[in-house]
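*Asks:* Numbering that gives the first Met the number 0 applies: residue 0 is where the sequence shown begins, and numbers increase by one. Have a look at the structure that comes next, please.
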Amino acid sequence: MKRILFIIILFTSCQEEISLELNQARDKLVVEGSDRTRISTLCNFNKESRYFSKIDTNTYSNLFVKDAIITVSYTENNVTEVIELTTEVTDLLGSDTIVIYTVKLDEYDFINGLDNYNFSKIGRTYNLNIYWRGDSITAQTTIPEPTPLDSIWVEKSEFGEFDFESEIRAWYSDPAGIQNNLLTKTKLVSYSENDSLECKSIDKEDFFYNF
Numbered sequence: 000m001k002r003i004l005f006i007i008i009l010f011t012s013c014q015e016e017i018s019l020e021l022n023q024a025r026d027k028l029v030v031e032g033s034d035r036t037r038i039s040t041l042c043n044f045n046k047e048s049r050y051f052s053k054i055d056t057n058t059y060s061n062l063f064v065k066d067a068i069i070t071v072s073y074t075e076n077n078v079t080e081v082i083e084l085t086t087e088v089t090d091l092l093g094s095d096t097i098v099i100y101t102v103k104l105d106e107y108d109f110i111n112g113l114d115n116y117n118f119s120k121i122g123r124t125y126n127l128n129i130y131w132r133g134d135s136i137t138a139q140t141t142i143p144e145p146t147p148l149d150s151i152w153v154e155k156s157e158f159g160e161f162d163f164e165s166e167i168r169a170w171y172s173d174p175a176g177i178q179n180n181l182l183t184k185t186k187l188v189s190y191s192e193n194d195s196l197e198c199k200s201i202d203k204e205d206f207f208y209n210f
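Take a look at the structure:
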């Protein structure tokens, strides 16, 4: 028993705290963007946080990069500027800290429809250029040709709690030898809001239905 106790004391007494002073690397910039037909260019631009960084109330907001100069082009004469959305617009999206870059609001009708925005076209190759505090980032992408669905239908959900709950199903033939993605989107046409004064539900059009 004494021998075991001596070994335990020996191991515990040999512990020493070591502090390493690591070189502080520059913040790396991370860009997440999308450019699709009939949809305006969206770009999220932020700094990569260090693994051992302290996290406080300002950490999240400080990750987003502001005042960047961003352009998207497909020829030398066809260049559009991607600007930072105002806080009034990002508040409508449910966040007052996130920074989003997109086309100028007068180039795209966010409320009444998408048909007037013709910058993004199938088959075009686009160049992204970002300038921020002496750093330059470039990227290139091509909008691929879409592959249509073979069929699509709606049927009542087997697991739905209510009769109106349904499932949207589709058949899709994925072409061989092509790396692509299938994007599915759903939209809320309207939503119900209870009026406590008149004791009834009111159907209202969703603000982002045409977004």
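Even glycine gets a Cβ: it sits at the ideal position worked out from N, Cα and C.
Which two residues bound the contiguous beta strand (DSSP E) that contains S156?
*Replies:* Counting from 1 along the sequence shown, the entry for residue 156 is found at position 157. That residue, S156, is in no beta strand (DSSP E); it is neither H nor E in DSSP.
*Asks:* Does N76 come out as helix, strand or coil in the three-state DSSP assignment?
*Replies:* Mapped onto the sequence shown, residue 76 falls at position 77. In the structure shown, N76 sits in coil (DSSP, three-state: anything other than H, G, I, E or B).
*Asks:* I need the DSSP call for L127, collapsed to helix, strand or coil.
*Replies:* Sequence index remark: in the sequence shown, residue 127 carries index 128 (1-based). DSSP places L127 in strand when its eight states are reduced to three.
*Asks:* Is it buried or exposed for V153, if we count other Cβ within 10 angstroms and need 16 for buried?
*Replies:* Position 154 of the sequence shown, counted from the first residue, corresponds to residue 153. Burial call: exposed.
*Asks:* Span of the beta strand (DSSP E) holding A169?
*Replies:* As a working note, residue 169 is residue 170 in the sequence shown. Looking at the DSSP string, the run of the beta strand (DSSP E) that includes A169 is S165 to W170.
*Asks:* Got a sec? Which residues, its chain only, sit under 8 Å from I121 by beta carbon, not counting five neighbours each side?
*Replies:* Here residue 121 refers to the residue found at position 122 of the sequence shown. If we look at I121 and ignore the five residues flanking it on each side, its Cβ neighbours are T36, I142, P143, E144 and P145.
*Asks:* Considering Cα atoms alone, identify which of L127, V30 and T137 is closest to N77.
*Replies:* Looking up residue 77 in the sequence shown gives position 78. Nearest C-alpha to N77: L127.
*Asks:* From the DSSP secondary-structure annotation, give me the bridge partner or partners of I68.
*Replies:* Numbered from its first residue, the sequence shown carries residue 68 at position 69. BP columns for I68 point to Y130.
*Asks:* Excluding sequence positions up to five away, which residues of its chain have a Cβ less than 8 Å from the Cβ of E164?
*Replies:* Along the sequence shown, read from residue 1 onward, the residue named residue 164 stands at position 165. Closer than 8 Å at the Cβ level, and outside the excluded window around E164, lie K155 and S156.
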